[in-house]
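Participant: Quick note: to get the working numbering, add 79 to the position in the sequence shown (first position is 1). Take a look at this one; I'll ask things after.
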Amino acid sequence: MLNTTVPPAKAKLYAIGLSTLFVLEVGPLLTALLLCGRIGGSYAGKVGTMQATNQNKLLRVLGVNPKWWTLYPSIVAASIAAPILTVLGTSCALVLGGYVA
């Protein structure tokens, strides 16, 4: 048990609490928000371009579902990239937070 009457012990307890909070809550949340914004903007641009140039109709004529052609590769890529980006972003934030403090 930590003796919280000593100022360095309070600072250490505070740092442990903040790092735990950042690793469990803030880091994954920020990564997910950034990833959703980036993927959403990219997908909206891609679908808008495909609609303007009638590529959706062409894919239907070829017998390919346009959702499978455009949406699912992005979902697979995001599923692979999200954990990697979460670990990278959280570790960078903790290292830089320790450097600043």
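C-beta: ideal position from N, C-alpha, C; glycine also. Computed from a predicted structure; not experimentally measured.
Apply the 10 Å Cβ neighbour rule to Thr-128 and answer buried if 16 or more other Cβ atoms are within range, or exposed otherwise.
Facilitator: exposed
Participant: How long is the line joining the alpha carbons of Trp-147 and Ile-159, rounded to whole angstroms?
Facilitator: 18 angstroms
Participant: Measure the beta-carbon distance from Leu-114 to Ala-161 and round it to whole angstroms, keeping in mind my assumption that it falls under 8 angstroms.
Facilitator: 6 angstroms
Participant: Can you say whether Gly-106 is buried or exposed, counting buried as having 16 or more other CB atoms within 10 angstroms of its CB?
Facilitator: buried
Participant: CB-CB under 6 angstroms to Pro-181, same chain, minus the five flanking residues each way: which ones, in chain order?
Facilitator: No answer is possible for residue 181: the residues shown for the chain start at 80 and end at 180.
Participant: Considering only residues of the same chain and omitting the five flanking positions on each side of Tyr-122, which have a CB-CB separation below 8 angstroms?
Facilitator: Thr-149, Leu-150, Ser-153
Participant: If you reduce the DSSP assignment to three classes, tell me which class Thr-128 lands in.
Facilitator: helix
Participant: Could you work out which residue in Ile-95, Pro-86, Val-102, Gly-96 is closest to Ser-164 when comparing CA atoms only?
Facilitator: Going by the sequence as given, residue 164 is Leu instead of Ser. With distances taken between Cα atoms, Leu-164 lies closest to Val-102.
Participant: Can the beta-carbon of Gly-168 be found closer than 8 angstroms to that of Leu-109?
Facilitator: yes
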